[in-house]
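Novice: One structure coming up, written as structure tokens, with questions to follow.
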Amino acid sequence: MSTTSYTPDDKHTWCPATAGDSRSPCPALNALANHGYIPHDGRDLTAAQLSQAIQKVYGIERVFASILAYGGVARCGAGGKLNLHDLAAHNLVEHDGSLVHADAGEGQKYAPTNVDPALLRQLLDTSSTDYLSLKDLTQAQVSRQAASPPLHALQSIVSKGELDLIMEVFGIHPSETLVPNAEETVHDELVVPKSFLEQWLGEERLPDGWNGPSHQTGLKEIITGVRSISKAESAERPKVL
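In structure tokens:
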């Protein structure tokens, strides 16, 4: 059961980006624009608009949402506003080793914003089931980053936070899952249906059948998640390198 104010409705149907719309390497923000929770053109956005939208849709706690929104605008925007594509500026907020976006080419100021279908397929193929666990996501990230330029310490933390947010926002308990054989998963471990990821990452739309996150996510949850992922990555890295 969702604890946020998000509910699917006819006022926020999915409408993909068209020519002239600004989009970022962040599927979370692109989906908000594609559904009209922020202006569809993705231009001249304020931190307040971004903060309110990620609170409403993704259940991000107010203080954490403000840190993300105001930090992003301050880091990548100008004059207190932001075009979504500003977030593609290489190595400001964006970083190499994204799960579904190709790395920026040598000397390129901006990273790609279009999803790489091969990388998305690689992510989904991490598991032979119809869902991904946190262990699966961690394994996918370790494999992806092993093929990319190394991240510095802050980027590494950010990438782990991004991974945890996928589970915090879209994770469901096996008893609630829409996929078969989920009862074989550890009972208290959240899983993310691949169908959710195919739509959210691949199409930048809010997934069919998703009714909002089951809980709010704040700094406490993210810190705990990053620590768990760090431990899991330490166990995975020797298998990959």
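Counting in the numbering used here, the sequence shown runs from 243 upward without gaps. Cβ atoms here follow ideal geometry from the backbone N, Cα and C, with glycine treated the same way. On a predicted model such as this, the values are computed, not experimentally measured, just so you know.
(1) In whole angstroms, what separates the C-alpha of D406 from that of G349?
(2) Among S264, D338, D367, which one has its Cα closest to the Cα of A353?
(3) Looking at C-alpha atoms only, which residue of S293, V342, T355 is the closest neighbour of A389?
(4) What's the gap between the Cα of T368 and the Cα of G321?
(5) With DSSP as the reference, please indicate the residues paired to A331 in a beta bridge.
(6) Using 8 Å for Cβ pairs, my map puts E440 next to P269. What's the rounded Cβ distance?
(7) My guess is that G460 and E303 are in contact by the Cβ rule of under 8 Å, so how many angstroms apart are they, rounded?
(8) Starting from L235, trace the alpha helix (DSSP H) both ways and give me its first and last residue.
(9) Please determine, among C257, A273, D252, D263, the residue with the shortest C-alpha to C-alpha distance to L448.
(10) Just the C-alpha distance for L329 and E336, rounded to the nearest angstrom, thanks.
(11) Thinking C-alpha only, which one of L443, I465, P435 is nearest W452?
(12) Buried or exposed: where does R469 fall if 16 or more other Cβ atoms within 10 Å of its Cβ makes it buried?
(13) Exposed or buried, which one is P455 when buried takes at least 16 other CB atoms within 10 Å?
(14) Do you know offhand how far E426's Cα is from L324's?
Specialist: Based on what the coordinates show:
(1) Taking the straight line joining both Cα atoms gives about 30 Å.
(2) Taking the Cα of A353 as reference, the smallest distance to any Cα among S264, D338, D367 is reached at D338.
(3) Of the candidates S293, V342, T355, the one whose C-alpha sits nearest the C-alpha of A389 is V342.
(4) For the pair T368 and G321, the Cα-to-Cα distance works out to about 42 Å.
(5) Answer is Y352, bridged to A331.
(6) That belief does not hold up - the Cβ atoms of E440 and P269 are roughly 11 Å apart, past 8 Å.
(7) Contact between G460 and E303 holds: their C-beta atoms lie close to 3 Å from each other, under 8 Å.
(8) This structure gives no information on residue 235, because the portion of the chain shown stretches from 243 to 483.
(9) For L448, the nearest C-alpha among the options comes from A273.
(10) The straight-line gap from Cα to Cα measures roughly 7 Å.
(11) The option with the nearest alpha carbon to W452 is P435.
(12) Counting Cβ neighbours within 10 Å, R469 comes out exposed, since fewer than 16 surround it.
(13) A residue is called buried once 16 or more other Cβ atoms fall within 10 Å of its Cβ, and P455 is buried on that count.
(14) Reliability of the predicted coordinates at E426 is poor, the pLDDT of 47 falling under 50, and no value is obtained from them.
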